[in-house]
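In the UniProt record's numbering, the protein residues as written are 1 to 220.
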Amino acid sequence: MAPIVGRDFRAGEDTPSAPRTVILSYATWQNRYGKRHDVLGQVVTLDGVSNVIIGVLPPDFHFAPAGSAEFWTPLCESSDPNNRGSHGLSSIARLNDRVTLEMASSEMSSIAQQLAKQYPDSDQGRGATVLPLTEVIVGSLRPILLLLLSGALLLLLIACVNVSGLMLVRSENRRHEIAVRGALGASRMRLIRQFVTEGVMLAAAGSSIGVCAAYGRSSG
Numbered sequence: 001m002a003p004i005v006g007r008d009f010r011a012g013e014d015t016p017s018a019p020r021t022v023i024l025s026y027a028t029w030q031n032r033y034g035k036r037h038d039v040l041g042q043v044v045t046l047d048g049v050s051n052v053i054i055g056v057l058p059p060d061f062h063f064a065p066a067g068s069a070e071f072w073t074p075l076c077e078s079s080d081p082n083n084r085g086s087h088g089l090s091s092i093a094r095l096n097d098r099v100t101l102e103m104a105s106s107e108m109s110s111i112a113q114q115l116a117k118q119y120p121d122s123d124q125g126r127g128a129t130v131l132p133l134t135e136v137i138v139g140s141l142r143p144i145l146l147l148l149l150s151g152a153l154l155l156l157l158i159a160c161v162n163v164s165g166l167m168l169v170r171s172e173n174r175r176h177e178i179a180v181r182g183a184l185g186a187s188r189m190r191l192i193r194q195f196v197t198e199g200v201m202l203a204a205a206g207s208s209i210g211v212c213a214a215y216g217r218s219s220g
C-alpha cells in the first residue's frame, strides 16, 4: 500500500550506515502535525535516534499484528556481526503450497536446536514458534468473537421467524387473490415462482440495508 504523502522505504535504508527514516500513520499525521504536507523532511526522535519523515500512510491502512502503530521504521541490521541478542523479533511468512504448518514448525524447531548447540550462551533455552496469522491476530479475542457471532446468529434467527410470521399472515390475506389467479389459469408452479421471487426481493432489500448500515457504522 503506497503512502498518500511522500514515498515508501527504499532498498538499503535498513543498513547501519543509512540515514534513519520513518513513515507516519495517518492519525499521527493528523493529530500531531495537522495534516501539513511540509512535514516531509522533518526530523523526529524515536528511542534517542533521529529519523527523517519520508511519508504518510493512508487512513485505512491497518496491520493487525502491530495494532495502531504511530511510526513505521525499517528494521535496521545490526552493525555488530556477533550480535545475537535479538530474540524478541517476529516475522510473517507465506508457506509454500506443499508445506504444511506442522512441517514448518518442525523445521524451525530443528533450526532452533542447532543454534542452541552452536551458540549456547545466547540461544540456550530459546526456540521458535510457528502460528497461523489468524491465530496471532485473534488470539485471546476468539471467545468474545464466538460469543458475538452466536448473538448475531440468534438475532438473525429471530428476524427470520418474525418475517416468516408476517409472510404467513400476508399469505392468509391473499387467499382470495390466489384463488382468482388459479381460476384465471395460473399454474401452481407459477404461483410458487411468484412467492419465491417476492421472498428473494425481500431478502435482498433487507441484506442491502444491513450491509449499508454495517458499512456506515464501521466507517464512522
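The beta-carbon is built from N, C-alpha and C at its ideal position, and this holds for glycine as well.
In this structure, F71 sits near V22, with a CB-CB distance shorter than 8 Å. Taking all protein chains in view, the Cβ of V196 is surrounded by fewer than 16 other Cβ atoms within 10 Å, so the residue is classified as exposed.
Cα atoms of I137 and R94: separation of roughly 16 Å, rounded to the nearest angstrom. Per DSSP, the unbroken alpha helix (DSSP H) holding I144 starts and ends at R142 to N173.
DSSP assignment within the region 39-75 yields the following whole beta strand (DSSP E) runs of 3 residues or more, N-terminal first: 43-46 and 49-56. Residue pairing by DSSP places L24 opposite V56 and F71 in a beta bridge. Look at V211 here: in three-state DSSP terms it is helix. Taking 8 Å as the upper bound for CB-CB distance, G34 and V52 are not in contact here, some 19 Å apart.
For G139, the secondary structure class from DSSP, reduced to helix, strand or coil, is helix. Between P3 and L57, the gap from beta carbon to beta carbon is short of 8 Å. Nearest to D14 by alpha-carbon distance, out of L202, S25 and P74, is P74. A straight-line Cα-Cα distance of about 8 Å links W29 and R36. In this structure, the CA atom of V43 is about 17 Å from the CA atom of S17. Taking C-beta atoms as the reference points, A69 and S25 count as a pair closer than 8 Å. Just measuring C-alpha positions, the residue of R7, E102 and P59 sitting nearest N31 is P59. The C-alpha of R84 lies about 20 Å from the C-alpha of E107. Positions of the alpha helix (DSSP H) runs, each at least 4 residues long and wholly inside the region 99-140, are given as 101-118, 120-123 and 133-138 in order along the chain. The three-state secondary structure of G85, taken from DSSP, is coil. By a beta-carbon distance limit of 8 Å, L166 does not contact I178. Their separation comes to about 17 Å.
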